[in-house]
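> Residue numbers (my numbering): 42 to 285. By construction, the Cβ of each residue, glycine as well, lies at the ideal position given by its N, Cα and C atoms. Sending over a structure as structure tokens; questions will come in a sec.
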Ligand SMILES: NC(=O)c1ccc[n+]([C@@H]2O[C@H](COP(=O)([O-])OP(=O)(O)OC[C@H]3O[C@@H](n4cnc5c(N)ncnc54)[C@H](O)[C@@H]3O)[C@@H](O)[C@H]2O)c1
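This is how it looks when you write it as structure tokens:
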């Protein structure tokens, strides 16, 4: 029960890595708040976890929505110990034809969403005065460049943001780190052709794609006191396919 009674807010917790993280933290004693754009998915995750978990609708790209969600957390639990920004989105766009609205949407969710959630969560942590942990999810594509420009740019931006806030919030006892997944078996990856999947797995020294539970275990470590002296870092979880 490594995280007993901690209040852990996870964005994008309606499926994939976010849901696996929610299950892991709940199993380790945390009071989990599952946030997702899809309210029904957030509620389903909370129902899987049982009391006292909470499932709320939240669009991380909207400042109002994020403020409302963090206020709801404060009202319900009076504190916030860990925030994990797992909500993410992408679009299959070539650079020369990239629609402006897709650029804005992907940056809006992946980068601005991470900024808004970190800012609002950190205010609660500051007010409570007992520190906290921020975990932002990036992607191995920041190193490989394998991915559309908006997605790679947004995920690289998450790294710069996290380094800055790690320095600035350290005096408040708030640590901030980046979890950098490689290809992971979630609904986001479900649509890819078998041929691509096979090529991807062939490039992974450990010989398999990650499972969402692999990410959940690392998030649990980063949130724990075992990681008390780690801040501003990238932790790559990719079976050895890339060294960051
Ligand atoms: N799956 C992979 O191979 C992989 C690899 C590297 C990085 N990532 C990153 O890991 C994170 C989790 O990915 P996943 O595979 O679990 O994805 P997923 O698509 O399975 O789940 C993402 C969740 O985020 C939610 N979401 C989307 N937009 C949102 C918004 N505006 N506000 C709130 N919630 C929103 C979705 O509803 C969904 O429940 C993402 O940030 C993704 O970019 C994934």
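(1) Sorted by chain position, which residues of the same chain lie with C-beta nearer than 6 Å to residue 115's C-beta, five sequence neighbours on each side aside?
(2) How many angstroms separate the CA atom of residue 286 from the CA atom of residue 221?
(3) Ends of the alpha helix (DSSP H) at residue 157?
(4) Go to residue 143, then tell me how far its alpha helix (DSSP H) extends in each direction, as first and last residue.
(5) Within 10 angstroms of its Cβ, does residue 42 collect 16 or more other Cβ (buried), or is it exposed?
(6) With 16 as the cutoff for other CB atoms within 10 Å, does residue 192 come out buried or exposed?
(7) Quick one: give me the first and last residue of the beta strand (DSSP E) that residue 217 is part of.
(8) Taking the C-alpha atoms as reference points, what is the distance between residue 71 and residue 250?
(9) May I ask you to check if the CB of residue 151 is nearer than 7 Å to at least one heavy atom of ligand 1?
(10) In whole angstroms, what is the alpha-carbon distance linking residue 253 and residue 215?
(11) Where does residue 145 land, buried or exposed, given buried means 16+ other C-beta within 10 angstroms?
(12) When you compare only the Cα positions, how much space is there between residue 108 and residue 74?
(13) Let me know the secondary structure DSSP gives residue 125 once reduced to three states.
(14) Throw me the rounded Cβ distance for the residue 99 and residue 130 pair, which I believe falls under 8 Å.
(15) Is the closest heavy atom of ligand 1 to the C-beta of residue 178 under 7 Å?
(16) How big is the Cα-Cα spacing for residue 173 and residue 268?
(17) In three-state terms, what does DSSP make of residue 76?
(18) Roughly how many angstroms lie between the CA atoms of residue 275 and residue 260, to the nearest whole one?
Working from what's here:
(1) 165
(2) The requested residue 286 is not part of the displayed model; the chain covers only 42 to 285.
(3) 154–169
(4) 141–148
(5) exposed
(6) buried
(7) 215–222
(8) 28 Å
(9) yes
(10) 25 Å
(11) exposed
(12) 14 Å
(13) strand
(14) At roughly 14 Å, the Cβ-Cβ gap does not stay under 8 Å, so residue 99 and residue 130 are not in contact.
(15) yes
(16) 12 Å
(17) strand
(18) 12 Å
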